[in-house]
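Down below is the structure, laid out as structure tokens.
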Amino acid sequence: MSDHLKRLNAPESWHIAKKANKFITKTAPGPHNANAMPIAVWLRDHMKLARNMKEVKQILGQKDVIVNGRPCRDPKMGIGIFDIIALPKINKYYRILRDRDGRHVSVEIDAEAAKTRLCKVKNKTTIAGGKVQLNLRDGANILADNTYKSGDSVVVSLEPENRFKIVDHFPFVVGNMAMIIGGKHSGNVARIVDIVKMPGSVPNKIILQDEKTGTKFDTIAPYIYMVGKQMPAIAKWGHEE
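Numbering of the sequence shown is given in the numbering used here, commencing with residue 4 and proceeding in unit increments.
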């Protein structure tokens, strides 16, 4: 398989210039889905911190880029929604979100906010010894008790001594706050007012209400990412409020 991807075929969520060059770095298998953006594209095309792949490799080789609490060395490693990227040498920290057009955006946060990360529970399984394993949307797995359910979000620590320890929990239930990460309502933050069970393999329909306008709209369960209870737990989003 090719190590490169034609820019014209790159996912729209990357939001890159399509005709600057013919090819662009291809994402390596790993976290997130097919829309994951290579860290090289983020450094070079989004943040303008490198001019070419040689400079990208130099930055990564010095362990200057920390992704979710771990130094990133692979320029093809994929990053996606709610990932935390730290650049300690220049005291810059970012959270990856989606804007209203479904594109990746980097929202600057402070060092304290960069110590934790929001993760969606994709499903859970019981492993040897009767322990419960939470399988997260980005491919990570953590051990927990049976409190958590599919569709919930957990806030995990990124600090080395407590890496991936759960510090907060936002259940996927009516009344809690959610961010939509796909479809025409991408980037919106609203309160869930109803969960409509659909027959067969059709995704459940979620009815939400915008807290500011009172407008109701619907989306499907895979596009829901729980972000709070009475209020959103994250103050900055990928669009203007």
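C-beta atoms are modelled at their ideal positions from N, C-alpha and C, and glycine is treated no differently.
Using the C-alpha atoms, what's the distance from residue j back to residue i?
i    : j    : result
D148 : I209 : 27 Å
I87  : D197 : 31 Å
K127 : V157 : 13 Å
T28  : K51  : 15 Å
Y151 : T216 : 31 Å
G186 : R103 : 9 Å
P32  : N71  : 17 Å
Just mark residue i as buried or exposed, buried being the case when its beta carbon has 16 or more other beta carbons within 10 Å.
i    : result
M234 : exposed
A117 : buried
D48  : buried
A39  : buried
N94  : exposed
I184 : buried
G132 : exposed
V92  : The sequence given here places Lys at residue 92; Val does not occur at that position. K92 should be labelled exposed.
T218 : exposed
One question on the structure: do residue i and residue j come within less than 9 Å of each other, judged by their Cβ atoms?
i    : j    : result
I99  : V68  : no
R194 : N207 : no
R76  : L63  : yes
Kindly say whether residue i, judged by its beta-carbon, lies nearer than 9 Å to any beta-carbon of chain B.
i    : result
P163 : The displayed structure is made up of one protein chain only, and chain B is not part of it.
What are the uninterrupted segments assigned as beta strand (DSSP E) that are 3 or more residues long and contained completely in the region 92-161, given in chain order? 95-101, 107-112, 119-129, 135-139, 144-147, 156-160
In chain order, which alpha helix (DSSP H) runs of at least 4 residues are fully inside the region 17-89? 56-64
With three or more C-beta pairs closer than 8 Å as the rule, is the region 159-178 touching the region 56-68? no
Is the number of C-beta pairs between the region 221-230 and the region 186-201 that are closer than 8 Å three or more? yes
Within 8 Å, do at least three Cβ pairs link the region 75-88 to the region 97-115? yes
Enumerate, from N- to C-terminal direction, the unbroken beta strand (DSSP E) stretches of 3 or more residues contained entirely within the region 204-238. 208-212, 219-223, 227-231
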